[in-house]
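Please read the structure below before turning to the comments.
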Ligand SMILES: [Zn+2]
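Residue numbers (this note's numbering): 40 to 326.
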């Protein structure tokens, strides 16, 4: 299936009552593994890159790996730039062929966020790239972006006004979740999704998904969330599978990188399979 646009995948998900897993990949190995598992379970998938990953692996390597994986799969695969406050990195990814970007303006005041989001939307739309917008800060720090303190919070009416005015395609509001691992139980706001979607027909994205229960995910999906971001779970699967294998290598004094890659791929595939089941996206892409 050809490489997909993120917005198209979300509109299908809204109709089908599921959410598309949006997994933060870190390299070509995890791109291949996540798409292979998505294909196997028949789920659309959004591959996400943090700004840090774009800088570490390189935009050309990532977009090439994503497009090759998409062409060889029978499910929709999109490539999305996660949390990016840096306009230069947005322009780079737009030019290189990402499907969509999250312009993270949550560190700006409302007036600046509004003006710059409109500029980003204009630039992206001219290239056929769709835009997720974040002007409230979702708690937690992810790959060096974000804050542990709520500095910008707005009413639903303000969020909708800015979304309409800027022409943004997808909305990432604060919903009580946080990035990273939860230190205490979060106070979730699934009703906020209903309120937004009752007032304005825009896809809503849930961040900070790792660590929520299945029931919590289902409530968000039932209320209209169509994209759920998963980052921490893949990081853990990647590093812990590598660690277990490396301990074996050390114990046996046998060192084989290709087998290490296989272990990481296996663990990454399982992350995709698990979330496709929870988010009800498995079997939803035409095989
Ligand atoms: Zn996020």
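Ideal placement from N, C-alpha and C gives every residue a C-beta, glycine not left out.
| Residue of 251, 81, 194 minimising C-alpha distance to residue 221 | Numbered from its first residue, the chain shown carries residue 221 at position 182. Measuring from the Cα of residue 221, the nearest candidate turns out to be 251.
| task | Note down the Cα distance separating residue 42 from residue 198, rounded to an integer number of angstroms. | result | Here residue 42 refers to the residue found at position 3 when the chain shown is read from its first residue. Here residue 198 refers to the residue found at position 159 when the chain shown is read from its first residue. Near 30 Å, if we compare the C-alpha coordinates of residue 198 and residue 42.
| Would the beta-carbon of residue 181 be found less than 8 Å away from any heavy atom of ligand 1? | Here the question's residue 181 lines up with position 142 in the chain shown. Indeed, a heavy atom of ligand 1 lies less than 8 Å from the Cβ.
| If you draw a straight line from the alpha carbon of residue 128 to that of residue 213, how long is it in whole angstroms? | Numbered from its first residue, the chain shown carries residue 128 at position 89. Numbered from its first residue, the chain shown carries residue 213 at position 174. Cα to Cα, residue 128 sits roughly 24 Å from residue 213.
| So residue 235 and residue 61 are in contact, right, with Cβ under 8 Å, and what is the actual spacing, rounded? | The residue given as residue 235 occupies position 196 in the chain shown. The residue given as residue 61 occupies position 22 in the chain shown. With 8 Å as the limit, residue 235 and residue 61 do not qualify as a contact, their Cβ atoms being about 18 Å apart.
| Going straight from the alpha carbon of residue 326 to that of residue 104, what length do you get? | In the chain shown, counting from the first residue as 1, residue 326 sits at position 287. In the chain shown, counting from the first residue as 1, residue 104 sits at position 65. Its pLDDT being 49, under 50, residue 326 is placed unreliably by the model, and the measurement read from it follows with that caveat. Near 21 Å, if we compare the C-alpha coordinates of residue 104 and residue 326.
| Of the residues 315, 318, 300, which one's Cα is nearest the Cα of residue 69? | Taking the first residue of the chain shown as position 1, residue 69 is located at position 30. Out of 315, 318, 300, 300 has the C-alpha closest to the C-alpha of residue 69.
| request: Give every residue of the same chain whose Cβ lies closer than 8 Å to the Cβ of residue 92, excluding the five residues on either side of it in the sequence, and list them in chain order. | output: Counting from one through the chain shown, the residue named residue 92 turns up at place 53. Same-chain partners within the cutoff: 63, 64, 65, 66, 101, 182.
| request: Would you be able to state if there are at least three C-beta pairs under 8 Å between the segment 135 to 155 and the segment 217 to 231? | output: no
| said: I need the DSSP call for residue 160, collapsed to helix, strand or coil. | reply: As a working mapping, residue 160 is identified with position 121 in the chain shown. Helix, per DSSP.
| field | Proximity test, residue 270 beta-carbon vs ligand 1 heavy atom, cut-off 8 Å | value | In the chain shown, counting from the first residue as 1, residue 270 sits at position 231. Yes, since a heavy atom of ligand 1 falls inside the 8 Å radius drawn around the Cβ of residue 270.
| Reduced DSSP secondary structure (H/G/I, E/B, other) of residue 87 | For the purposes of this step, residue 87 is taken as the residue at position 48 of the chain shown. Strand, per DSSP.
| field | Helix, strand or coil at residue 170 according to DSSP, with G and I counted as helix | value | Walking along the chain shown from the start, residue 170 turns up at place 131. Looking at residue 170 - three-state DSSP - the assignment turns out to be strand.
| query | How about residue 254: is its Cβ closer than 8 Å to a heavy atom in ligand 1? | reply | The residue you call residue 254 lines up with position 215 of the chain shown. False, no ligand heavy atom lies under 8 Å from that Cβ.
| Whole-angstrom distance between residue 40 and residue 117, CA atom to CA atom | The count along the chain shown starts at 1 and reaches residue 117 at position 78. The count along the chain shown starts at 1 and reaches residue 40 at position 1. Approximately 11 Å, taken between the alpha carbons.
| task | Would you check whether ligand 1 has a heavy atom nearer than 8 Å to the C-beta of residue 250? | result | As a working note, residue 250 is residue 211 in the chain shown. No.
| What is the DSSP secondary structure of residue 281, reduced to helix, strand or coil? | Position 242 of the chain shown, counting from 1, holds the residue named residue 281. Reduced to three states, the DSSP call for residue 281 is helix.
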